[in-house]
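Reviewing the structure listed below.
In the numbering used here, the protein residues as written are -1 to 532.
Printed below as a string of structure tokens:
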């Protein structure tokens, strides 16, 4: 870019992205100049997306190898090995959660920055289109009034002043002035020849940006929901929930790598434009608009001459001369030809409106308005837009790392939960002294009618006969023993009383005694209990 250009300086990250290797699909280096119409340049951007696809393949391959090793290399289910595995799962889940939260935060910021940059671009495009449309409307309106309205009035006046050669000569001179004005207006650039509709570009950009913003918003919400549901599955030790989140985690991992490739390609292509935007615009307008006009609007320097100054000056002088001629005719010709007054006043009004249009046209053709829109568009795209894309790339990387850690932690957690349930199922459900039997009895009332081997079904007197000596009994009240939870039939049991304050350890029995007890009927149990109390 020119050294005189101080208003816009490309940010450092655009130069960093601009220096990325540009390689086509045939692995040949490509010039990094922004040339979106060329096939090689398009392939260089597609190649960046292929690099992200290769990263996704390596990531999935790593996960497949890890899960295969986890399934094939089973360790001994000893107590020493359970504690480290549980700790590893916990820390992996914590790391995945923290990275996922950080990724979502970065993603929300990057999505907002990109949206702000694109909004500033579309706003500038609409303003520039309004300015150029105003120029075209003023030029077309002025030329129409000069070609049709002025010509009709001059034709009627020529008939009225047919007997006065001096007045007819004045009318011929005014017609020459009008033709000169039309010639100068025709010399102004026709922006429609560029075949670029800025309003249509702004509309398409706004529509694409809306769907892009909405897609990333849904992706961010999906990442957050999957992270929260995975944490809930770990907390509740729900295997089906963990399995479901694992499937969604693989899907989100694929989406993260896909978004990384798309964001990287878009950021590199945009940076190629931001490094030298003037060069690209000069090439796009070559053959349609003069280079001096494009240079005038791109740089808008005080040292640059206004390419429209000569045309506007001729326009102004011609209008002034015509107004002087009309004023003279109104003063000297109307007393002799009263019927000419109406046409002369109409021409005077037409010249006044043309002069107002000239002032508006001069203001619109000034470089400051379009140059400001140009700079605002560059600032929005190259600063906010590219910066937001970089944050979105960082979000994709962090999300891929978070879900990779989550996918590594979930299978270990699933095995850990399965091992705990298997160990828990190994406990004898018929054992009346284990906690599981108590829960089973609470949910299975039909088994509550079975009396415990050491339960008491007699009066309080028989219970007191089995108390230990007085000196060994705790100071706890008798109600402490009577209010203990009951396993079978609601009878108090010494087995449920805490060991503190008891005079003897809880009774024990052999497996053969247990089998004999379980095979006895209720009448035999009551008879055995009465004999035991006697």
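We treat Cβ as the ideally placed atom computed from N, Cα and C, and that holds for glycine.
Computed from a predicted model, the values in this text were never measured in an experiment.
If you compare the alpha carbons of 363, 369, 297 with that of residue 183, the shortest gap goes to 363.
Of 21, 31, 236, 24, the smallest CA-CA separation from residue 273 is found for 31. The residue from 354, 175, 375 with its alpha-carbon nearest to that of residue 200 is 375.
DSSP places residue 275 in the helix class (H, G or I) of the three-state scheme. Under the three-state reduction of DSSP, residue 336 is assigned to helix. Per the coordinates, the alpha-carbon of residue 130 lies some 23 Å from the alpha-carbon of residue 115. Here residue 62 is actually not in contact with residue 255; their C-beta atoms are around 15 Å apart, not less than 8 Å.
By the Cβ-count criterion, residue 295 is buried, with 16 or more other Cβ atoms from all chains shown falling within 10 Å of its own Cβ. Distances from the CA of residue 400 to each of 99, 238, 326, 19 were compared; the closest alpha carbon is that of 99. In terms of Cβ geometry, residue 371 and residue 8 do not form a close pair [threshold 8 Å]. Burial check for residue 36: the Cβ neighbour count within 10 Å stays below 16, so the residue is exposed.
Taken in chain order, the whole alpha helix (DSSP H) runs of length 4 or more contained in the region 160 to 210 are 163 to 184. By the neighbour-count criterion, in which a residue is buried when 16 or more other Cβ atoms sit within 10 angstroms of its Cβ, residue 247 is buried. In the three-state DSSP reduction, residue 21 falls in the strand class (E or B). Judged by beta-carbon spacing, residue 243 lies within the 8 Å limit of residue 231, meaning their Cβ atoms are closer than that value. Take the alpha-carbon of residue 349 and the one of residue 287: they are about 29 Å apart. In terms of Cα proximity to residue 313, the closest of 281, 283, 279, 355 is 355.
Rounded to the nearest whole angstrom, the CA to CA distance from residue 157 to residue 310 is 32 Å. In the DSSP secondary-structure assignment, residue 27 is bridged to 21. Of the candidates 111, 403, 292, 111 places its Cα closest to the Cα of residue 381. Taken through DSSP and simplified to helix, strand or coil, residue 117 comes out as helix.
Residue environment for residue 334: exposed (fewer than 16 other C-beta atoms within 10 angstroms of its C-beta). Taking residue 90 as the centre and dropping the five residues before and after it, the same chain places the C-beta of 403, 406, 407 closer than 7 Å to its C-beta, in chain order.
Counted as a single uninterrupted DSSP element, the stretch harbouring residue 379 is not any alpha helix (DSSP H), since DSSP gives it neither H nor E. In terms of CA proximity to residue 23, 44 leads the group 44, 17, 33.
When 321, 13, 386 are compared, the shortest CA-CA separation from residue 175 is found for 321.
Residue 345 sits in a helix when the DSSP states are folded into three classes.
Between residue 251 and residue 398 a beta carbon distance of about 6 Å is seen, short of the 8 Å cut, so the two are scored as contacting. For residue 280, same chain residues with a beta-carbon under 8 Å away, outside a window of 5 residues either side, are 289, 292, 293, 296 in chain order.
In this structure residue 85 is exposed. Its beta-carbon is surrounded by fewer than 16 other beta-carbon atoms within 10 angstroms. Here DSSP, grouped into helix, strand and coil, assigns residue 409 to helix. Scanning its chain for C-beta atoms nearer than 6 Å, with the 5 sequence neighbours on each side dropped, one finds around residue 122 the residues 371, 374, 375, in chain order. Annotation for residue 304: no alpha helix (DSSP H) segment contains it, and DSSP assigns it neither H nor E. C-alpha of residue 323 to C-alpha of residue 134: approximately 29 Å in a straight line. DSSP places residue 289 inside the alpha helix (DSSP H), whose first and last residues are 289 to 297.
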